[in-house]
Amino acid sequence: MSGPGGAQETVPWRRLAPGMLLVSPVRELIRAIPLLLGLLLANRASSGPPWSLLAVVAIVGRGLLEWFTTRFRITATELELTRGLLRRTTRTTPLDRVRTVDLSAHPLQRALGIVRVEIGTGTNDRRKEAFTLAGLRAEEGDELRALLLHRAAADRVTGDGARSAAEAREDVESELVRFHPRWILYAPATLSGAVTALFLVGLAWRVGSEANIHPDRYAAVHRLLTHARSTGTGLVVVEAVAAIVAIVVVLSITGYVVAFAGFRLTRHGAGTLHTSHGLLTRRATTIEERRLRGVELSEPLLLRLVGGALCVAIATGLRVGRGAQRGGSLLLPPAPRAVAESVAAAVLADPAALTIALPRRGRWALRRRLVRASGPALLLVLALLVAWLEGGVPGWLVVVALVLPVLGTALAIDRFRSLGYAVTDGDRPSLVTRRGSLVRRRAMLERDGVIGVTIRRSFFQRRAGLASIVATTAAGRQGYGIPDVSTAEVPGLVTALLPAIRGTESVI
Amino acid sequence: MSSPEPAGPIEALGIRTPVNQVSPRAVRYWFLRALLRWLVLLAAFEAALVFAFDQPLRVTAGSGLAIAAVATLHLSVMPRLRYRIHRWELGGEAVATRTGWLNQETRIAPLSRVQTVDTERGPLQRLLGLAKVTVTTASARGPLVIDGLGRAEAAILVEALSDGAGAAMDDAT
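Just so you know, the protein sequences line up as chains A and W, in that order. Residue 491 is where the first sequence starts when you use our numbering, and the numbers rise one by one after that. Residue 20 is where the second sequence starts when you use our numbering, and the numbers rise one by one after that.
See the structure below:
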């Protein structure tokens, strides 16, 4: 650790935890299993050099290399990381740029007492975004997190007397929400099992094709096919669907438990929010509340139907999208809606954003939604109709295609009912915008976090006297949109979102 | 939500159009740029038809004429329309731009949130004495782009922006 008043040059470089000498090679080997399996099976046939052995040596070597070539150090003002053998790169980040600290540990790491530390700095460049230390001793990881986040918060308190009070406050931790087994009931509604199932199928396909395994060589497959041929088509379809649904449900529940067991969201007195979850891989993320700009309540369609919701933080330095879990901004996994709302209310600067009524949009919004959702579907049906009349396609295809405009209409109506926006009053006003049907999202963004406004008018919107507004921000999705606002409402909304340009003094 | 104070000039940025147009030479710039793209498209398309798909002369000539017709329509309408639509303005507190021709987009960013200002001059722009100024904020979705600005104007704008943005006290996120 940097001593008091230690100069930059005297701060020693530190290595990763020694346990990484075991963890890295094992991780690389595990990742390369499909390749190794393929090579092994191919090797049995031919008599060339032992490719699989060479591959193993190369993989282990690469894992070991990481430990030898990675070094880091923390000075009074910066964090530095050096890695690479042939091309040595050093990355430096100022300590006060750190927004979030994310600790995770998979089972092997946990057994050895190691954590992986990912430090988010709020830059939007995806390539340079995370500062990653692949493995530190657990105590070192905690120390580092405390140093990066809590010390920064305590430093802001001026005066000596207040410092000890700040340190005492650091230890105060209040729990906002804790995992409840009832949440598992909401797991199948997330369809994560479907994604896993597809992934497994893909993996099996790859291994099978590399190892030249043919399904019809196995007796079990034969039995299945005979059964399928002997029963009627309808029954087979029903059985197949039931089997798929059962598999997806089991995978979803397993995936959910593995990912979110033991979920805890706590607030530290030093001004940070802390989440931790995971059964095998334990993952802990810390977000500075200073960087929190709002909360998004997210309801995928199936989850909404069973009364559940997700809660995601809108913060600078955390990516959203591609699975909020991976970006570290998840405040609550799929859980009952009431729990999601209570979490949002506890985290938001202005809880009124959660309850404020979002006035229903005008009929033009419904018309636009209908045209966009059902329009293409209707065109398709018409095209198929023409093709059928000319004898190109069978009649039942047209009938089946009729389902699409019906679904489109239902989707459009649901989208229309989800649309709504409002700007709350009070000392921490927020923009609340809700939209979407397949995934309904209520984004509650602090007005202080809005750093620009984009007003988009497409050709058709100009004819209809409408515009779409996007409030751009440095947090979360980088921009939160309000579609189809009437031209009359635009000026009021812009001045509500950007009061600074009214000429008043604003402390940023 | 609507303010009781009278709307000052900056406050009205969301309502009225930004005042300044870009350089008149931008019309030529957009025309030439689009012309080059159409020519490349035409050449690639014809080459594919002739060499990859072995189509007879009728088809290649016919499709070539069709593309040329569409291109002529596009080139005669787009540059002048774009010149009419594109606007920019630097107020005391915010910078605003309006871009597009079929779909229009107005972007407003308070000066206190501006992070960087870039000037770009590609070969075609250098030929016509133009520049493109990009103003970025901390948001990845926020950059304001003013294309087809005269060189001198661009320099003045960049300097004024840097002065205005420099007054901000923090990292403007």
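Glycine residues also receive a C-beta, built at the ideal position from the N, C-alpha and C atoms.
Contact annotation, leucine 792 of chain A with leucine 822 of chain A: C-beta distance approximately 17 Å; criterion of less than 8 Å not satisfied.
For the region 671-751 of chain A, there is no continuous beta strand (DSSP E) assignment of 3+ residues that stays within its boundaries. Taking the beta carbon of glutamine 968 of chain A as reference, the chain W residues within 7 Å of it are Ser158, Ala159 and Arg160, listed in sequence order. The region 828-875 of chain A is shown to contain whole alpha helix (DSSP H) runs of 4 or more residues at 842-845, in chain order. Collapsing the DSSP output to three states places proline 540 of chain A in coil.
With 16 or more other Cβ atoms from the protein chains shown falling within 10 Å of its own Cβ, serine 908 of chain A counts as buried. Taking C-beta atoms as the reference points, threonine 765 of chain A and aspartate 592 of chain A fail to come closer than 7 Å. With respect to the C-alpha of valine 59 of chain W, the residue from W:Gly111, W:Ala157, W:Trp120 and W:Ala87 having the closest C-alpha is W:Ala87. Residue range 597-602 is occupied by the alpha helix (DSSP H) that includes proline 597 of chain A. The C-beta of leucine 988 of chain A comes closer than 7 Å to at least one C-beta of chain W. Interface with chain A (7 Å Cβ-Cβ cutoff): proline 98 of chain W is excluded.
Counted as a single uninterrupted DSSP element, the alpha helix (DSSP H) harbouring leucine 61 of chain W occupies residues 44-66.
Within the same chain, and ignoring the five residues on either side of alanine 522 of chain A in sequence, the residues whose Cβ sits closer than 6 Å to its Cβ are Ile549. Here serine 664 of chain A really is in contact with threonine 756 of chain A; their C-beta atoms are around 7 Å apart, less than 8 Å. For leucine 146 of chain W against glycine 169 of chain W, the beta-carbon gap comes to about 13 Å, at or over 8 Å, which does not count as contact. Here valine 588 of chain A is not near leucine 626 of chain A, since their CB atoms are 7 Å or more apart.
Of all C-beta pairs linking the region 839-851 of chain A to the region 919-928 of chain A, three or more are shorter than 8 Å, placing the two stretches in contact. Within chain W, the residues whose beta carbon sits less than 7 Å from that of serine 948 of chain A are Asn122, listed in sequence order.
Closest in alpha carbon position to valine 980 of chain A, among A:Pro826, A:Leu571 and A:Val943, is A:Val943.
For valine 893 of chain A, no Cβ of chain W is located within less than 7 Å of the residue's own Cβ. Contact annotation for alanine 88 of chain W against chain A: no contact, minimum CB-CB distance about 21 Å [criterion: below 9 Å]. Between the region 98-106 of chain W and the region 39-59 of chain W there are three or more inter-stretch CB-CB distances shorter than 8 Å, so the stretches are counted as touching.
In this structure, the alpha-carbon of leucine 666 of chain A lies about 15 Å from that of proline 826 of chain A. Here threonine 560 of chain A is not bridged, per DSSP, to any residue. When DSSP states are grouped into helix, strand and coil, histidine 105 of chain W belongs to the coil group.
Residue environment analysis places tyrosine 746 of chain A among the buried positions, since at least 16 neighbouring C-beta atoms fall within 10 angstroms of its C-beta. Identification of chain W residues near valine 960 of chain A by a Cβ-Cβ cut-off of 8 Å yields Arg160, ordered along the chain.
Taking a 10 Å sphere around the C-beta of glycine 509 of chain A, we find 16 or more other C-beta atoms and assign the residue as buried. In the pairwise beta carbon analysis, the region 131-143 of chain W is classified as touching the region 173-182 of chain W: at least three pairs are separated by under 8 Å.
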